[in-house]
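Under my numbering, think of the first position of the sequence shown as 57, with each following residue one higher.
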Amino acid sequence: MLEREASAPEAPPRRRRPLLLRLLGWLVVLGLVGALLGAGVVIGLFAYYGRKADLPRLGNLHDYRPPLVTRIFDRNGVLIGEISAERRTVVPYQRLPKLLVKAVVAAEDAEFWSHRGLNYLGMLRAFVANLRAGRFAQGGSSITQQVVKTFFLSS
């Protein structure tokens, strides 16, 4: 009888949460950690590239002067030669045939007139196509992105 009184009452067994709830909890934690790391990377990139003094300015596009052909004429105005690294002639947009503009836009960026510079669906489509192919099979850049790359970035 003394033994009964001296022993402490047993604690009820601890119930474990179901496996599905535990997995869901871990997924939420991993998702939050991933989101915080992603936000940290984006903030770090903005901080790093935002400090660089040599970032391009959009005003540079207005001052762009492409290398043109140098034409040499004799004293009578007859063309006797051309010097150039690239054979370019600037043609104002107003003088371009409308059909040419439509053809270039259709070939390069069919959604050009409906997005604001970035075609997110086009980029996603190209990303998925490239993953499926296992290589760069499609480009997802818009005409705007191509202009930015050409004028402001290097290969």
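Using N, Cα and C, we set each Cβ at its ideal position, and we do this for glycine too.
- At a cut-off of 3 residues, the continuous stretches assigned as beta strand (DSSP E) that sit fully inside the stretch 85 to 163 are 126 to 129 and 135 to 139.
- Straight-line measurement puts the Cα of Val125 at about 5 Å from the Cα of Ser140.
- A distance below 7 Å between beta-carbons, with the five flanking residues on each side excluded, links Ile136 to the following residues of its chain, in chain order: Ile128, Phe129 and Asp130.
- The shortest CA-to-CA distance from Val204 to any of Tyr120, Leu80 and Ala166 is the one to Tyr120.
- Taking C-beta separations shorter than 8 Å and ignoring five residues to either side along the sequence, Ala166 has no partners in its chain.
- Of the residues assessed, Gly106 falls on the exposed side of the cut-off, its CB having fewer than 16 other CB atoms within 10 angstroms.
- Counting along the chain, Leu180 sits inside the alpha helix (DSSP H) bounded by residues Tyr176 to Ala189.
- The stretch 192 to 203 makes contact with the stretch 166 to 179; the number of CB pairs closer than 8 Å reaches 3 or more.
- Look at Arg70 here: in three-state DSSP terms it is coil, with no helix or strand label.
- Sequence-distant partners of Phe192 (beyond 5 residues in either direction) whose C-beta falls short of 6 Å from its own C-beta, in its chain, are Asn186.
- Here Glu138 has Val125 and Arg127 as same chain residues with Cβ atoms under 6 Å from its own Cβ, once five neighbours each way along the sequence are excluded.
- Taking the C-beta atoms as reference points, Pro122 is found nearer than 8 Å to Arg144.
- Between Gln201 and Leu174 a beta carbon distance of about 7 Å is seen, short of the 8 Å cut, so the two are scored as contacting.
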